[in-house]
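Colleague: Dropping the structure in here first, questions after.
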Amino acid sequence: MDPNKDGNTNDGIDGMRLDVAEHVPLGFWRDFRKFVRSVNPEFYLVGENWWTQWPDEMMDPGPWVKGDIFDAVMHYQWYKVARGYFAQPEDKVDIQQFKSGMDSLFQKFPEYTKRSMMNLISSHDSPRFIQSFLNLNKYKFNCKPQEDSSYKTYSPDGVTLHKAKLLLLHQFTFVGSPHIWNGDEMGMTGADDPDNRKPLTWPDINFEPETQSDFSDYTYSEQPVFNASVFQFYQSIIKLRCSSKAFSNGNYEFENISDENNILAYYRSSDDEKFLIIFNNNENKTSIRLPINIVGYEVVFAYRFIKKESGKLIDFPPYSAVVFKITE
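Numbering (my numbering), first residue to last: -14 to 313.
Here it is as structure tokens:
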């Protein structure tokens, strides 16, 4: 924090992630916060608070983010709901459950805490993001070949990758602070620990072919490579998020555009900008009518979407998304 103890914290770290924080008494963390803030008043503290009863009941982070302990927690709760909608796994959720789930997670927090929550899709303690979309088991349950011999550890098919990219766009346009587990941006595969800790696939390094686990009931062989397409997609959504404070600091509001077709839509807005983000997370094309109060808009980001209008209707291809900037 202040390695040479000269009172200047610019040469120190800016924050800490605190492992299995729920195993330590709250009183200790209150004293800990007071100490670190006495050294650096801007120091960021994020705690890990995960399970009340694994694998079905996740912990309420509320007691740790009241302003006297942590600034945020690792928001596994957000990912469980988001994966439930975009991947449609065993513990899937529909559009109404998604909306109510997100409101339940975020509306209990003050604005600062909402924006600081560490929205992560994978980590050193969970399967690689892309693997949790390829395998539709319950979240964080039987997620490696040692636990389920049919658990797939190879690269995803095209449809799975489309769904995964929709969730990434959601992550970078929604409330909270997006987190990237190093290697996800390279398109790396990997089941739960230790597969999620494989060497990073840097583009200038050649790897030997990867094969199935000794525990797997299938066989495969593929070359681990740096996935430039996934990397470029990450670059594009990071650029989008950085283009407007509405994505990082703005409010959110769900829009009921086509709930009957399981279409997700929400606004992100700041004092001077407003965006509408729409996802067609379905295998079929869907025609959507924009809200009547939207007169002018422009496309600022699109995934598998080409604007085609028929009257007031806009066609959305399967597994597509668009970000509209509302101009009037």
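Beta carbons are placed, not taken as given, at the ideal position from N, Cα and C, and that holds for glycine.
(1) What is the rounded straight-line gap between the Cα of L30 and the Cα of A176?
(2) For the alpha helix (DSSP H) containing W63, list its first residue and its last residue.
(3) What three-state label does DSSP hand G235 in the structure shown?
(4) Hey, W63 and L90: beta-carbon distance below 7 Å or not?
(5) Please say whether E75 and N122 have beta carbons closer to each other than 7 Å?
(6) For the putative contact between K125 and P40, defined by C-beta atoms under 8 Å, what is the C-beta separation to the nearest angstrom?
(7) Just how far apart, CA to CA, sit G143 and I54?
(8) Less than 6 Å between C-beta atoms, sequence neighbours within five positions excluded: which residues of the same chain meet that for L3?
(9) Would you list the residues sitting across from A57 in a DSSP beta bridge?
(10) Just how far apart, CA to CA, sit I190 and R182?
(11) Return helix, strand or coil for W36, following the three-state DSSP convention.
(12) Which residue or residues does DSSP assign as beta-bridge partners of M43?
(13) At a cut of 8 Å, does the region 101 to 113 reach the region 242 to 253 through at least three beta carbon pairs?
(14) What is the residue span of the alpha helix (DSSP H) that V21 lies within?
Modeller: This is what the structure gives:
(1) 28 Å
(2) Y61 to F71
(3) coil
(4) yes
(5) yes
(6) 6 Å
(7) 43 Å
(8) G32
(9) V31
(10) 17 Å
(11) strand
(12) W36
(13) no
(14) L11 to V24
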